[in-house]
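Here the protein sequences come in this chain order: A and W. Each residue of the first sequence is one higher than the one before, counting from 2 in the working numbering. Each residue of the second sequence is one higher than the one before, counting from -16 in the working numbering. In this text, a Cβ means the ideal position worked out from N, Cα and C, and glycines have one as well. Remember, it's a predicted structure, so these values are computed and weren't measured experimentally. Here's the structure, in structure tokens; my notes come after.
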Amino acid sequence: MSHTSSMEVSVQESDFEALEAACHDLGVEFVRGQTQFKQYYRKAHCDHAIRVPGNEQAFEIGLVKQDDGSYDLQSDYFGGSRGLEAKVGPEGQGLKQALARQKDIRYWQTRGFRVTQDQKTENGHIVLKLTR
Amino acid sequence: MATEISIDIAPDGTQKLTVKGVKGRACRELTREFERKFGKVTATEDTKETNEVQPGRVTQGS
């Protein structure tokens, strides 16, 4: 072993394909260019959005571009967000986990690594092993 | 020796990445760009191999 890094996932424009794949994994849809997202009592501005297909009542996630170029994932998780939270996990954490997995696999595969383990454990963690 | 990357992604999306099979500075070089693209690095921890010299690697002295 040489070193270990602990990291928090972020969303950049270059991650949109990974985000689309993560959304697909969870049964939600990433809609590029949707400029409003649904909350409990109103709609708010966003640059892109994530919605639950076939559930018009569900709240949505808005991707709001920040000054540093990254995107903040904003939503209203009140009352389970009418079905959104069941898809993306508590406060969207499941979406971040799925996005991290997609970003990891895509990055390392383009550098010659192959996935030798991709497993969800009983405690909800995803364990990846990649070898070159 | 093969290079192996192990990644543990927690339910909240935070993750811990560990590299095996690469010694010395080459290990940090391997993950530097990834760390920049992935997001925010909250902690790093060196291990014994970090300070070892990669076989076949020439270290130039002054």
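{"Query": "Within a Cβ cutoff of 7 Å, which residues of the same chain sit near Val116 of chain A, ignoring the five residues on either side of it in sequence?", "Result": "Ile106, Leu129 and Leu131"}
{"Query": "What is the rounded straight-line gap between the Cα of Gly134 of chain A and the Cα of Lys88 of chain A?", "Result": "In the structure displayed, chain A extends from 2 to 133; residue 134 of chain A sits before or after that span and is not available."}
{"Query": "Please report the distance separating the alpha-carbon of Ile62 of chain A from that of Lys6 of chain W.", "Result": "42 Å"}
{"Query": "Terminal residues of the continuous alpha helix (DSSP H) containing Arg52 of chain A?", "Result": "Looking at the DSSP string, Arg52 of chain A is not in any alpha helix (DSSP H); the run it does join, the beta strand (DSSP E), is His49 to Arg52."}
{"Query": "When the Cα of Cys24 of chain A is compared with those of A:Lys44, A:Thr111 and A:Arg52, which residue comes out closest?", "Result": "A:Arg52"}
{"Query": "To the nearest whole angstrom, what separates the beta carbons of Asp48 of chain A and Val32 of chain A, a pair I think is in contact under 8 Å?", "Result": "Not quite, the Cβ-Cβ distance comes to about 11 Å (not below 8 Å), so this is no contact."}
{"Query": "Just curious, the beta strand (DSSP E) that Thr27 of chain W is in, first and last residue?", "Result": "Gly22 to Asp29"}
{"Query": "State whether the region 11 to 26 of chain W contacts the region 9 to 19 of chain A, with contact taken as three or more CB pairs (one from each stretch) at a distance under 8 Å.", "Result": "yes"}
{"Query": "Can you give me the Cβ contacts of Tyr72 of chain A inside the same chain, cut-off strictly under 6 Å, excluding the 5 residues immediately before and after it?", "Result": "Val12, Leu64 and Lys66"}
{"Query": "Between the Cα of Ser54 of chain W and those of W:Gly(-4), W:Arg15 and W:Lys3, spot the shortest distance and give me the residue it belongs to.", "Result": "Absent from the model: residue 54 of chain W. The displayed extent of chain W is -16 to 45, so no value can be given."}
{"Query": "Say whether chain W places a C-beta atom closer than 9 Å to the C-beta of Arg96 of chain A.", "Result": "Residue 96 of chain A is actually Leu in this sequence, not Arg. With 9 Å as the cut-off, Leu96 of chain A counts as an interface residue toward chain W."}
{"Query": "Can you check whether the C-beta of Ile62 of chain A is within less than 9 Å of a C-beta belonging to chain W?", "Result": "no"}
{"Query": "Output, in chain order, the set of chain W residues within a Cβ distance shorter than 8 Å of Arg102 of chain A.", "Result": "Ile(-8)"}
{"Query": "Using a Cβ cut-off of 9 Å (strictly closer), state whether Glu9 of chain A contacts chain W.", "Result": "yes"}
{"Query": "Comparing C-alpha positions only, which one of A:Arg43, A:Leu74 and A:Ala59 sits nearest to Ser134 of chain A?", "Result": "Since the displayed chain A opens at 2 and closes at 133, residue 134 of chain A lies outside it and no answer follows."}
{"Query": "Determine whether the Cβ of Ser3 of chain A lies closer than 9 Å to any Cβ atom of chain W.", "Result": "yes"}
{"Query": "Output the distance between the C-alpha atoms of Glu86 of chain A and Glu92 of chain A, rounded to the nearest integer angstrom.", "Result": "7 Å"}
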